[in-house]
Each structure stands twice: as C-alpha cells, then as structure tokens.
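Remarks on the structure that follows.
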Amino acid sequence: ANTENFKVYFTGANTVKSDEGEGMIGVTTTNGSTTATVDFNEALGLDTVNEKAHVILEIENGSQDIDAESVKVTANAVDTDIFDFDAVMCDAQGNEITGENPVESGAKTYVKVSVELKTSPTDTATATTTVTLTATPKANV
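Each number in my numbering corresponds to the 1-based position in the sequence shown with 15 added.
Shown next as structure tokens:
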C-alpha cells in the first residue's frame with residue numbers, strides 16, 4: 016500500500032492498564048508510529064509464577080478513504096524463557112476480537128499487550144516487548 020494514502024498506526028493513547036501490582040506500565044510510542052515498546056519492569060514487580068499484567072493500546076486508521084481489511088499486532092521480546100508475551104486485538108475494554116478485524120477509515124481499534132511470568136528469575140529479567148503493527152488495505156472494487 017502507498018503509505019501516503021494508507022495510514023494505520025498507534026495513536027500513543029493507552030486505555031485500560033492492568034490493576035495487578037503497583038506502579039505504572041511504561042509505554043513508548045509516538046502518534047503515527049507502527050511500533051510501540053511496552054515496559055512492564057517498573058510496573059508490577061512480577062515476582063510470582065503465573066502473575067500477569069497488561070495494557071491496551073489504541074490504533075487508528077488515519078486513511079482518508081481506505082479501509083483496512085485486517086489489522087494485526089505481534090509482540091517481540093527478550094527473556095522469553097521467563098516471560099510469555101502476547102498481543103491480542105480487542106475492543107476498548109479488552110474483550111478479544113477474533114477474525115480479520117477490519118477497520119474503516121477514520122475508525123479505531125485496540126490491542127491488548129500482556130505479559131505472564133512463567134518461572135521465577137534467578138537474576139534480573141527484562142519484561143519489555145516491542146509490538147509491531149501490520150495492516151492490510153481493503154482492495155478497491
């Protein structure tokens with residue numbers, strides 16, 4: 016797709032954040048970017064196996080007249096032996112959206128980025144993930 020005409024990106028807005036633990040979840044992204052970094056390190060003090068945390072990020076189809084046939088987000092991380100990271104398309108309240116997830120021009124969708132502690136670390140572990148947004152334009156017919 017021509018990036019001049021088809022623009023689907025993170026808005027930089029974070030909606031619902033996990034209620035578990037203490038502190039804030041750090042999110043680094045700028046409006047218009049297709050990547051975001053989510054830092055769970057300072058937030059929750061994840062120290063119990065199976066403990067979870069999440070944040071919901073807002074995505075906008077900023078195209079003037081091109082709908083997105085689908086929007087997908089993937090989570091890439093380090094320390095995957097210690098943490099499970101996931102990125103699931105959802106509504107503003109965090110309810111999962113299944114299927115292709117079309118997004119009309121000017122509309123918004125959301126992604127729930129989650130982390131779960133799989134095993135207790137013996138050393139300092141990094142609970143940070145980079146999420147990458149991929150959108151497919153709807154074909155003109």
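All C-beta atoms, glycine included, are put in the ideal place defined by N, C-alpha and C.
State the CB to CB distance for the pair residue i and residue j, rounded to an integer number of angstroms; the pair is presumed to be in contact (CB under 8 angstroms).
i, j, result
"A107", "V23", "With 8 angstroms as the limit, A107 and V23 do not qualify as a contact, their Cβ atoms being about 17 angstroms apart."
Under a three-way DSSP split, which group does residue i fall into?
i, result
"T144", "strand"
"N20", "coil"
"E37", "Legend: pLDDT at E37 = 49, less than 50; position of this residue unreliable, no value from coordinates given."
"N46", "coil"
Roughly how many angstroms separate the alpha carbons of residue i and residue j, rounded to a whole number?
i, j, result
"S120", "V53", "26 angstroms"
"F55", "E66", "12 angstroms"
"Y125", "P136", "31 angstroms"
"A28", "L72", "6 angstroms"
"E37", "V130", "Its pLDDT being 49, under 50, E37 is placed unreliably by the model, and nothing is read from it."
"K10", "D62", "Look at the range of the chain in this structure, 16 to 156, and you will see that residue 10 is not part of it."
"E75", "F25", "6 angstroms"
"V93", "K153", "34 angstroms"
"S85", "G41", "27 angstroms"
"V146", "A51", "5 angstroms"
"T95", "G47", "28 angstroms"
"I81", "A140", "42 angstroms"
"V138", "P117", "The sequence shown places Asp at residue 138, rather than the Val named in the question. If I take the Cα positions, the gap works out to 42 angstroms."
"E115", "T151", "10 angstroms"
Among the candidates the options, whose CA atom is the shortest distance from the CA of residue i?
i, options, result
"L148", "T63, D96, A102, E111", "A102"
"A142", "F100, T45, D80", "F100"
"E111", "E19, F98, V118, K127", "K127"
"A90", "T134, N20, F21, T144", "T144"
Could you tell me whether any non-hydrogen atom of the ligand ADP is closer than 7 angstroms to the CB of residue i?
i, result
"V53", "The ligand ADP is absent from the structure shown, which contains no ligand whatsoever."
* Any beta strand (DSSP E) of 3 or more consecutive residues that is wholly inside the region 65-126 -> 67-76, 83-92, 98-105
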